[in-house]
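Colleague: Before I ask anything, here is the structure I am working with.
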Amino acid sequence: MFQCIKYEDKREVFGLKIHSFSTLDRIKKYDDSDNEENAEKPYSIKVGETKRTINLYAIATTKFQIAV
Numbered sequence: 077m078f079q080c081i082k083y084e085d086k087r088e089v090f091g092l093k094i095h096s097f098s099t100l101d102r103i104k105k106y107d108d109s110d111n112e113e114n115a116e117k118p119y120s121i122k123v124g125e126t127k128r129t130i131n132l133y134a135i136a137t138t139k140f141q142i143a144v
């Protein structure tokens, strides 16, 4: 059920996969403008043809620092 990953470039950090989901949605447009009409939702979502899997990880480190 849970999957633990280790990062090659950061040996003191590891991740624990806590959730995974798949979707066909993708962000079609992202607008940086400060228009009032785009204030709540500056992007639009389009149903794509490619299924995307999104994995959520909780990240922790084994490097501790003690302040004296």
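The numbering of the sequence shown is our numbering, which starts it at 77 and goes up by one. Even glycine gets a Cβ: it sits at the ideal position worked out from N, Cα and C.
1. Taking C-alpha atoms, which residue in Ile-142, Ala-136, Val-144 and Ile-121 lies nearest to Ala-94?
2. What does the alpha-carbon distance come out to for the pair Thr-99 and Leu-132?
3. First and last residue of the beta strand (DSSP E) that includes Ala-136?
4. My guess is that Arg-102 and Lys-122 are in contact by the Cβ rule of under 8 Å, so how many angstroms apart are they, rounded?
5. Excluding the five sequence neighbours on either side, which residues of its own chain have a C-beta within less than 7 Å of the C-beta of Lys-82, listed in chain order?
6. Work out the CA separation of Gly-124 and Thr-138 for me, nearest whole Å.
Modeller: Result, derived from the coordinates:
1. With the sequence shown as reference, residue 94 is identified as Ile, and Ala is not the correct amino acid for it. Of the candidates Ile-142, Ala-136, Val-144 and Ile-121, the one whose C-alpha sits nearest the C-alpha of Ile-94 is Ala-136.
2. Taking the straight line joining both Cα atoms gives about 14 Å.
3. 119–137
4. 6 Å
5. Phe-90
6. 40 Å
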